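Chains as they are written, first to last, in this note's numbering: chain A, 120 to 409; chain B, 341 to 911.
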């Protein structure tokens, strides 16, 4: 919402903002006549000639609000992505557990002791990892996603407050225009009475707008800056949760590797091993050549 | 392929001629010795020239046949390099025996016994691909230009190959392996029976005979198997073409046989050994296919996980843990995890797929065996009833027996190999997990070291975070409250109909300054309280009631009396 008047108007209108005063320039006003002045609907009234909110103030306001709108967008996106990421993480863990579970339920386990041992060890490891993963996700939920939600829940109130300020601004403009309309007219008795009335009406509305404006201009930067302290603990917690989880994972799978007696070997060697196994099978007549 | 069928024109041209013996009995012992020596010489000399020809084939000729694709060359020459390796060592051992005159024969016997296994392994493979090689040679023969070129190359290197060039060369290893028993037999015939040398040589001769037999058997099995294991994609037309009256009658006969079996009308050919094997194979297949589909699900989930990038958010926070995390997460997402996924695909998924594919062959054969078994049983029945069977019916029995023995021989091996491979694949899966954890830890611990509270223990840190979040939660709450305090501005509401006159009346009585509009519905509680709808205009008389309470105002509604009312009003 911008005022539509010429750029050379610089305004101050009350002590609370401490700006310098200049003479207004007359511009076209389009007032609308209605029968009941009390029932005038704001949006049909013309714009005031005075630029009631200085450009610098408006610019400051827009900048601060703009930053907060960005922040709102980013925190909402972060929350969504974080949730999706943890959901996918849980799904992965669950499918790993299924691998060992299905192996364990194969009748071969009853016939083959070595196979049973291997599969049991694998199953134990997968289940433990799943438990740790759940813990990790819980920690992330508590220290990252919940706080993000809380942070995001302030924005609706902020947006509502900004809307109300805007409404107040509209009212202010409307009444200001009205005052100016009467000021232009020939100073007859009834006109003066009406002018006085209009001015009386204007005053509380103007005060209200100024109050809102000031409040927001104070609070918005404070809220914006609060993010710095707010998010650092969450992200610190996030990193630590990863370290805790992957330490366990390293230990559990390291132990399992040793238990299964399979030393690590370089990729090429594994490839050769796989080729060898395939060739062994293919050497059998009952295996189809393809 | 039988030894008697092979022509030795390759050998004849290269070996030394044996002298014709005269039939003098008095000198039989000496003659035997001479013959023995000659036979030994023949063995070694022919081995030398055999090896020489092989080497010429493998190096000179093969390298010059450049117009043929590599795949063809692999089939034609098969594992000739392995054959050369084995025979070279055999020859070396045989040549060493020359210095040990008395024991030479025994040492030769020992040498062959030592090499028996290797010879079987290596010639088995060559033999199995020989048929296919011959097919290739046939195709080349159909192209005169190509045929001329090939012939030219061969003649340049080995002029004695003659007009049938390539096929002449390719059959040489087969001829050789079947010659060994004959060569050894010749030495044996001229050896004194009581000697230890005789015993060893006899064992060696029968061992090499076994080798030839085994190679034949292997070839036959492969032929039977390849007939039934082919999983060809057939077009609809091809499928229809296969269904002729013959196969239809076969299928219906089998079905009725199966039904008879199920109904107990015909005794089922019990074969516990086979059933156990088949059951085990069935479980092995189940294991493999389940693992494959579970692994696919795991990989899908991994892919989904890698799609989300929470670290891409921009909170405009210049430093500290937020930035640390973003670096860490980006690093992991760009390097550690993709590497893990790649390795998983190459070293776990691909092998699993290959393993799963090998299941098809045995599955087909097992099915075919059952079909043939039903045919076989019907044939047996008919034999009992009628007393004779047709040639085709006999053939069904032979096929069933061939399939059965083939499966009984090889299923245990298959099961064992498959399970071994499966185990290795699982171990690789585990190792890759460990390696991933190590990668992530290395990077994460770096980030951790730069965090402000890295020195704290985990429980202490968690308490700290809880407290911090509690505090900031309060702060947020106060922000929220502050924003909510920004109240709606005073808006004038549209007047209720019919109120215009009332308003004018109040206006004239009190003046505009005292007129107020009710912003929200007010319902009076006590008897002196007014109930007013929103939008109603009233005139203020006093902004506090008789008791001085300023939350209740005394107003004139333009109609009724003056009564105090509560509620919010806007001027």
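From the three backbone atoms N, C-alpha and C, an ideal C-beta is built for every residue, glycine too. Remember, it's a predicted structure, so these values are computed and weren't measured experimentally.
- In the DSSP annotation of this structure, the continuous segment of the alpha helix (DSSP H) that includes residue 175 (chain A) starts and ends at 174 to 223.
- No Cβ of chain B is located within less than 8 Å of the beta carbon of residue 340 (chain A).
- The beta carbon of residue 355 (chain A) sits closer than 8 Å to some beta carbon of chain B.
- For the segment 802 to 819 of chain B, the beta-carbon criterion of a distance under 7 Å to any beta-carbon of chain A is satisfied by 805, 808, 809, 812, 813, 815, 816 and 819.
- Per DSSP, the unbroken alpha helix (DSSP H) holding residue 738 (chain B) starts and ends at 731 to 789.
- Residue nearest to residue 497 (chain B) within the set B:392, B:433 and B:706 is B:392 (criterion: CA-CA distance).
- When Cβ pairs closer than 8 Å are counted between the two stretches, the segment 736 to 754 of chain B is seen to touch the segment 695 to 705 of chain B, the count reaching three or more.
- Contact between the segment 369 to 381 of chain A and the segment 724 to 743 of chain B is absent: fewer than 3 CB-CB pairs across the two stretches fall below 8 Å.
- In this structure, the straight-line span from the alpha carbon of residue 797 (chain B) to that of residue 754 (chain B) is close to 53 Å.
- Annotated three-state conformation of residue 623 (chain B) is helix, per DSSP.
- Taking the C-beta atoms as reference points, residue 451 (chain B) is found no nearer than 8 Å to residue 405 (chain A).
- If you draw a straight line from the Cα of residue 388 (chain A) to the Cα of residue 483 (chain B), it is about 43 Å long.
- The Cβ atoms of residue 419 (chain B) and residue 477 (chain B) do not sit closer than 8 Å to each other.
- Among the residues of chain A, those whose CB is under 7 Å from the CB of residue 701 (chain B) are 405, 406 and 407, following chain order.
- Closest by C-alpha distance to residue 453 (chain B), out of B:441, B:434 and B:465, is B:434.
- By the neighbour-count criterion, in which 16 or more other beta carbons inside 10 Å mark a residue as buried, residue 457 (chain B) falls on the exposed side.
- The CB of residue 661 (chain B) comes closer than 9 Å to the CB of 350, 351, 352, 353, 354, 355, 356, 357 and 358 in chain A, given here in chain order.
- Sequence-distant Cβ neighbours of residue 201 (chain A) in its own chain, meaning closer than 8 Å and more than five residues away, are 259, 263, 264 and 267.
- Interface residue (Cβ-Cβ distance to chain A less than 8 Å): residue 562 (chain B) is classified as such.
- The beta carbon of residue 561 (chain B) lies closer than 7 Å to those of 746 in the same chain, with the five residues before and after it left out.
- A Cβ-Cβ contact shorter than 8 Å links residue 415 (chain B) with residue 469 (chain B).
- Here residue 716 (chain B) carries a helix assignment [DSSP, helix/strand/coil].
- A Cβ of chain B is located within less than 8 Å of the beta carbon of residue 365 (chain A).
- With respect to the C-alpha of residue 540 (chain B), the residue from B:756, B:527 and B:819 having the closest C-alpha is B:527.
- Taking the CA atoms as reference points, residue 276 (chain A) sits about 16 Å from residue 185 (chain A).
- Annotation note: the segment 229 to 264 of chain A contains the following uninterrupted alpha helix (DSSP H) runs of length 4 or greater, listed N- to C-terminal: 232 to 259.
- Taking each of B:546, B:383, B:643 and B:556 in turn and checking the Cα distance to residue 471 (chain B), the smallest one comes out for B:556.
- Secondary structure note for residue 659 (chain B): it is in no alpha helix (DSSP H), with a DSSP letter that is neither H nor E.
- Residues of chain B whose Cβ lies closer than 7 Å to the Cβ of residue 208 (chain A) are, in chain order, 645.
- Beyond the five residues adjoining it in sequence on each side, residue 665 (chain B) comes within less than 8 Å, by CB distance, of 651 and 787 in the same chain, given in chain order.
- With respect to the 8 Å criterion, residue 467 (chain B) and residue 559 (chain B) are classified as neighbours on the basis of their beta carbons.
- Taking a beta-carbon distance threshold of 8 Å, residue 344 (chain A) does not count as an interface residue toward chain B.
- Contiguous alpha helix (DSSP H) elements confined to the segment 336 to 409 of chain A occur at 386 to 402, taking only those with 4 or more residues.
- Straight-line measurement puts the Cα of residue 323 (chain A) at about 16 Å from the Cα of residue 285 (chain A).
- With at least 16 other beta carbons inside 10 angstroms of its own, residue 775 (chain B) counts as buried.
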